[in-house]
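Asks:
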Amino acid sequence: MASSSSILETLEAANIEVPYQCREGFCGACRAKLIEGQTQYANEPLAFVRDGEILLCCSRPTSHIKIELP
Ligand code: FES
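Numbering (UniProt numbering), first residue to last: 1 to 70.
(1) What separation, rounded to the nearest whole angstrom, lies between the Cα atoms of residue 56 and residue 31?
(2) At which residue ranges does the UniProt domain "2Fe-2S ferredoxin-type" (1-70) contain complete beta strand (DSSP E) runs of 3 or more residues, listed in the order of the chain?
(3) Does at least one heavy atom of the ligand FES sit under 6 Å from the Cβ of residue 23?
(4) Exposed or buried, which one is residue 6 when buried takes at least 16 other CB atoms within 10 Å?
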């Protein structure tokens with residue numbers, strides 16, 4: 001089921017500490033590895049991400065996902 005919160009918000013709600021700064025897709029501080037599943041961005045972020053990485057602050061899961069935090 002698609003969630004309306006960002007992955008960052010979901011992790012925070014679960015008391016999982018995640019690095020972040022801008023929360024808007026600019027800085028790249030919230031970069032994490034997407035191990036399994038799919039996510040989507042509401043707006044294409046400006047920060048650089050490598051293949052297989054996502055920005056937690058501005059992406060939402062579109063499937064069950066597995067991520068690796070930095
Ligand atoms: S917190 Fe800056 S890109 Fe996510």
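Here a beta-carbon is modelled for each residue, glycine too, at the ideal position from N, C-alpha and C.
Predicted model only: the values in this text are computed from it and were never measured.
Replies: Result, derived from the coordinates:
(1) Rounded to whole angstroms, residue 56 to residue 31 spans 6 Å at the Cα level.
(2) 31-36, 39-41, 53-55, 59-61, 66-68
(3) yes
(4) Buried: at least 16 other Cβ atoms inside 10 Å.
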